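**Q**
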Amino acid sequence: MSLCFPQQMVREQYVTTTQDSSVPAPVPDSIYKIGIYGWRKRCLYLFVLLLIIILTVNFALTIWILRVMWLNTEGMGHLKVTAEGVRLEDGKSEFLFPLYAQEIHSRVDSSLLVHSSENVTLNARNENNDVTGSLSVGPDVAQGNALNFVISSNTKTLFSADDKEVVVGTDTLRVTGPEGALFEHSVETPLLRAEPFKDLRLESPTRSLSMDAPKGVFVKALAGNIEAASNMDILLHSSEGLVILDAESLRLPSLPLGHGGVSGNAQGLYEVCVCPSGKLFLSKAGVTSMCSESQEC
1 MSLCFPQQMV
11 REQYVTTTQD
21 SSVPAPVPDS
31 IYKIGIYGWR
41 KRCLYLFVLL
51 LIIILTVNFA
61 LTIWILRVMW
71 LNTEGMGHLK
81 VTAEGVRLED
91 GKSEFLFPLY
101 AQEIHSRVDS
111 SLLVHSSENV
121 TLNARNENND
131 VTGSLSVGPD
141 VAQGNALNFV
151 ISSNTKTLFS
161 ADDKEVVVGT
171 DTLRVTGPEG
181 ALFEHSVETP
191 LLRAEPFKDL
201 RLESPTRSLS
211 MDAPKGVFVK
221 ALAGNIEAAS
231 NMDILLHSSE
241 GLVILDAESL
251 RLPSLPLGHG
261 GVSGNAQGLY
271 EVCVCPSGKL
281 FLSKAGVTSM
291 CSESQEC
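Quick note: the sequence shown uses the UniProt record's numbering, first residue 1, plus one each step.
1. In angstroms with no decimal places, state the Cα-to-Cα distance between leucine 66 and asparagine 148.
2. Quick check: the region 68-82 against the region 95-108, are there 3 or more CB pairs under 8 Å?
3. If contact is defined by three or more beta carbon pairs under 8 Å, each pair taking one atom from either stretch, is the region 121-141 in contact with the region 155-174?
4. Of all the alpha helix (DSSP H) runs that stay within the bounds of the region 37-98, which reach a length of 4 or more residues?
5. Note down the Cα distance separating tyrosine 100 from leucine 51, rounded to an integer number of angstroms.
6. Would you list the residues sitting across from leucine 257 in a DSSP beta bridge?
7. Mind checking which residues open and close the beta strand (DSSP E) that includes asparagine 123?
8. Measuring straight from C-alpha to C-alpha, what distance separates serine 249 and lysine 220?
9. Look at the alpha carbon of arginine 40 and the alpha carbon of isoleucine 53, and state the distance between them as a whole number of angstroms.
10. Could you work out which residue in Lys279, Ser106 and Phe183 is closest to leucine 88 when comparing CA atoms only?
11. Which residues bound the beta strand (DSSP E) around threonine 132?
12. Using the DSSP secondary-structure output, state which residues sit across from lysine 156 in a beta bridge.
13. Could you pull out every residue in the same chain whose Cβ sits closer than 6 Å to the Cβ of serine 277, ignoring the five residues on either side in sequence?
14. With residue 315 as the anchor, note down where its beta strand (DSSP E) starts and where it stops.
15. Among the candidates Arg174, Val187, Glu184 and Ser210, whose CA atom is the shortest distance from the CA of proline 196?
16. Which residues in the same chain have their Cβ closer than 6 Å to the Cβ of glycine 216, if we skip the five residues on either side of it in sequence?
17. Hey, quick one: how far does the beta strand (DSSP E) through glutamine 143 stretch, first residue to last?
18. How many whole angstroms separate the CB atoms of leucine 209 and leucine 202, which I take to be in contact at a CB cut-off of 8 Å?
19. Closest to valine 137 by CA distance: which of Asn145, Thr121 and Asn126 is it?
20. Skipping 5 residues on each side, what residues in its chain have a beta carbon closer than 8 Å to that of alanine 228?
21. Tell me the rounded alpha-carbon separation between valine 68 and glycine 85.
22. In the DSSP output, which residue or residues are listed as bridge partners for alanine 161?
23. Are there 16 or more other CB atoms within 10 angstroms of the CB of phenylalanine 281, so buried, or fewer, so exposed?
24. Can you tell me which of Ala60, Met232, Arg251 and Ala194 puts its alpha carbon nearest to the alpha carbon of glycine 224?
25. Less than 9 Å separating the beta-carbons of leucine 245 and valine 272?
26. Using three-state DSSP, classify serine 238 as helix, strand or coil.
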């Protein structure tokens, strides 16, 4: 932009302002030019041209970003911003960095799918930004770290675990493995029952098996046999009460036969004798008990 005024205009203004004066106005010897000339003028034009180019590029990039991101008055593409939060109408969302949200839920007619090529990790933090619970699902293992792990159905606790105990709150704990359940330490339960039409087995291959209860142990088979087998001894002990074997018939087929008793017992009757040590043996029956005459103890 040039601010140069023509020489004739300067001279006319000078004559106009001095023509009413009685003193003759001197005629200037030289005229000064006002404006930007030379390299300054060219730099100014170049700067203005550069600004126009930058504005054009910025406007084109803005239009391109709006088209690519699908920005509109309601949100960004299928991502709608509502009063309740951000809602994805249709499609998939991919997060390259951590996502912080108070609540994530799916639509009413669809399920929520969280997918990752490596693993999916969910962390819960407290007010000090310390991780108090985490859940990591990877290609080989799913791992959870928390002070207390609870699985519930409505208001009923189905499973809970902490550093002291594990609680199963269901009515029936079903183990479907071919080898059954393996317990390395003691088990406390009010009822132990097999599935219908299947046998219940309590087995300890290398150690002893013990069943204790403060008021008694009740073993019952409604439609089968009860079998107890051991490589050594089977002990039935009651500290304050009795040991009752209630059955229609009680058979002890392998009891040893004592040498004492009545000779010539043609009826083949025997009596069961008990030694002070608790050992049982058979003795030929007589009019009176012959157990004291036997030497089987």
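All residues carry an ideal CB built from backbone N, CA and C; glycine is no exception. Computed from a predicted model, the values in this text were never measured in an experiment.
**A** This is what the structure gives:
1. Mapped onto the sequence shown, residue 66 falls at position 66. Mapped onto the sequence shown, residue 148 falls at position 148. Each residue's alpha carbon lies about 47 Å from the other.
2. no
3. no
4. 39-69
5. Your numbering for residue 100 matches position 100 in the sequence shown. Your numbering for residue 51 matches position 51 in the sequence shown. Rounded to the nearest angstrom, the two C-alpha atoms are 41 Å apart.
6. Here residue 257 refers to the residue found at position 257 of the sequence shown. DSSP output for leucine 257 lists Leu282 as bridge partner(s).
7. In the sequence shown, counting from the first residue as 1, residue 123 sits at position 123. First-last of the beta strand (DSSP E) with asparagine 123: 120-125.
8. By one-based count along the sequence shown, residue 249 stands at place 249. By one-based count along the sequence shown, residue 220 stands at place 220. Answer to the nearest angstrom: the Cα atoms are 16 Å apart.
9. Reading the sequence shown from its first residue, position 40 is the one you call residue 40. Reading the sequence shown from its first residue, position 53 is the one you call residue 53. Straight-line Cα distance between these residues: approximately 20 Å.
10. Position 88 of the sequence shown, counting from 1, holds the residue named residue 88. For leucine 88, the nearest C-alpha among the options comes from Ser106.
11. For the purposes of this step, residue 132 is taken as residue 132 along the sequence shown, with counting starting at 1. From DSSP, the beta strand (DSSP E) with threonine 132 extends over 131-137.
12. Here residue 156 refers to the residue found at position 156 when the sequence shown is read from its first residue. BP columns for lysine 156 point to Ser153.
13. As a position in the sequence shown, residue 277 is number 277, starting the count at 1. Same-chain partners within the cutoff: there are none.
14. Residue 315 lies beyond the range of the chain shown here (1 to 297); nothing can be said about it.
15. One-based indexing of the sequence shown puts residue 196 at position 196. Nearest option by C-alpha distance: Arg174.
16. The residue you call residue 216 lines up with position 216 of the sequence shown. Same-chain partners within the cutoff: there are none.
17. As a first step, residue 143 is located in the sequence shown; it is residue number 143 there, counting from the start. That run of the beta strand (DSSP E) goes 142-146.
18. As a position in the sequence shown, residue 209 is number 209, starting the count at 1. As a position in the sequence shown, residue 202 is number 202, starting the count at 1. About 6 Å separates the two Cβ atoms, so the contact holds.
19. Taking the sequence shown and counting its residues from 1, the one referred to as residue 137 is at position 137. For the residues Asn145, Thr121 and Asn126, the minimum Cα distance to valine 137 belongs to Thr121.
20. Within the sequence shown, numbered from 1, the residue matching residue 228 stands at position 228. Counting only Cβ-Cβ distances below 8 Å, and skipping sequence neighbours, we find Ile234.
21. Here residue 68 corresponds to residue number 68 of the sequence shown, with the count starting at 1. Here residue 85 corresponds to residue number 85 of the sequence shown, with the count starting at 1. Distance between the alpha carbons of valine 68 and glycine 85 is about 23 Å.
22. Taking the first residue of the sequence shown as 1, we reach residue 161 at position 161. Alanine 161 pairs with Phe149 and Val166.
23. As a working mapping, residue 281 is identified with position 281 in the sequence shown. Counting Cβ neighbours within 10 Å, phenylalanine 281 comes out buried, since at least 16 surround it.
24. Taking the sequence shown and counting its residues from 1, the one referred to as residue 224 is at position 224. For the residues Ala60, Met232, Arg251 and Ala194, the minimum Cα distance to glycine 224 belongs to Ala194.
25. For the purposes of this step, residue 245 is taken as the residue at position 245 of the sequence shown. For the purposes of this step, residue 272 is taken as the residue at position 272 of the sequence shown. Not closer than 9 Å, so no.
26. Position 238 of the sequence shown, counted from the first residue, corresponds to residue 238. Three-state result, serine 238: coil.
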